[in-house]
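Following the UniProt record's numbering, the numbering of the sequence shown begins with 1 at its first residue and continues without gaps.
We put the beta carbon where it would ideally sit given N, CA and C, even for glycine.
Since this is a predicted model, take the numbers as computed values, not measurements.
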Amino acid sequence: MVHPCDIAMLTWVSTTSRSGQPLHMQGPDLSPAEVTRLNMDKSSLLQQVVDREYGGDPQMLLGELQFALLAFLLGHSLEAFGQWKALLHLLLSCEEAPVHTATGFYAEALGTLHAQLSHCLANSRDAAGQDSPLQLGMTTELLADSFLKALFTRFYHMLQSHGPIAHKGLQAAAMKLQDLLERELGWDLTAGDLQGESDDEDAPVVVDL
């Protein structure tokens with residue numbers, strides 16, 4: 001299994017206690033301003049990951065995102081959950097890519113996430129009060145995890161800060177996923193709900209000059 005943290009000339013700083021996946025990075029030749037920029041917007045890192053680990057094909061990244069969640073749900077692999085979480089964190093920590101350089105890819109990525117999460121929620125409802133051989137009811141705890149709400153809240157706040165989404169496919173996918181999360185989980189992903197949703201281990205690194 002490839003690991004998106006394996007990027008040449010960048011040293012990741014492991015700060016995650018739950019999954020063990022490194023979320024922040026620094027480099028010996030990077031200025032404090034560059035470290036802050038790279039952690040606030042991981043678009044350049046996403047491109048490096050796609051180029052190096054997936055041969056330049058972003059569809060391969062989406063394929064691994066799907067496989068990782070399936071391996072977690074069906075095989076109960078915590079390593080697969082850590083990989084899914086790391087990929088999700090990478091995707092939702094970008095700013096330039098979703099609104100400018102990779103809008104079509106993000107329309108597909110959000111569509112993939114909608115399919116994954118709607119499946120998890122549906123199976124959690126079906127398994128409620130029943131013995132489930134696949135233990136899909138455990139996705140209730142997964143979806144209630146604060147790291148997900150923090151990531152999605154910051155991502156939607158970022159989209160809102162850029163004004164109306166020009167790419168119709170991305171706009172439709174973003175609205176569909178937002179509706180699912182707010183309707184099924186009771187989340188408020190509006191800009192006003194950003195305060196208090198920043199989890200220290202998922203928050204961007206800001207380096208003082």
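- Distance from the Cα of C120 is smallest, within the candidate group L74, F105 and I165, for L74.
- Counting C-beta pairs closer than 8 Å gives three or more between the stretch 47-65 and the stretch 93-110, which meets the contact rule.
- The C-beta separation of L159 from A174 comes to about 6 Å, placing the pair in contact by the 8 Å criterion.
- By a beta-carbon distance limit of 8 Å, L90 contacts V49. Their separation comes to about 7 Å.
- Excluding the 5 residues flanking it on each side, S77 has same chain C-beta neighbours closer than 8 Å at A71, in chain order.
- In the structure shown, E184 falls within a helical segment according to DSSP collapsed to helix, strand and coil.
- Runs of alpha helix (DSSP H) with 4 or more residues, each lying fully within the stretch 68-132, are found at 78-92 and 103-127, listed in chain order.
- If the five residues before and after A97 are omitted, its C-beta is found closer than 6 Å to the C-beta atoms of S43 and L46, all from its own chain and listed in chain order.
- Judged by DSSP secondary structure, L45 falls within the alpha helix (DSSP H) whose first and last residues are S43 to E53.
- Cβ neighbours of F81 within its own chain (closer than 6 Å, five residues either side excluded): F72.
- Less than 7 Å separates the beta-carbon of H114 from that of L180.
- Residue environment: A166 is assigned as exposed (fewer than 16 neighbouring CB atoms within 10 Å of its CB, all protein chains considered).
- In the three-state reduction of the DSSP assignment, L177 falls in the helix class.
- The residues F152, T153, Y156, Q178, L181 and E182, in chain order, have a CB closer than 7 Å to that of L189 in the same chain once the five nearest residues on each side in sequence are set aside.
- Q116 and A86 have their alpha carbons spaced roughly 16 Å apart.
- When DSSP states are grouped into helix, strand and coil, T153 belongs to the helix group.
- Burial check for A122: the Cβ neighbour count within 10 Å stays below 16, so the residue is exposed.
- Rounded to whole angstroms, the separation of the alpha carbons of T112 and G169 is 13 Å.
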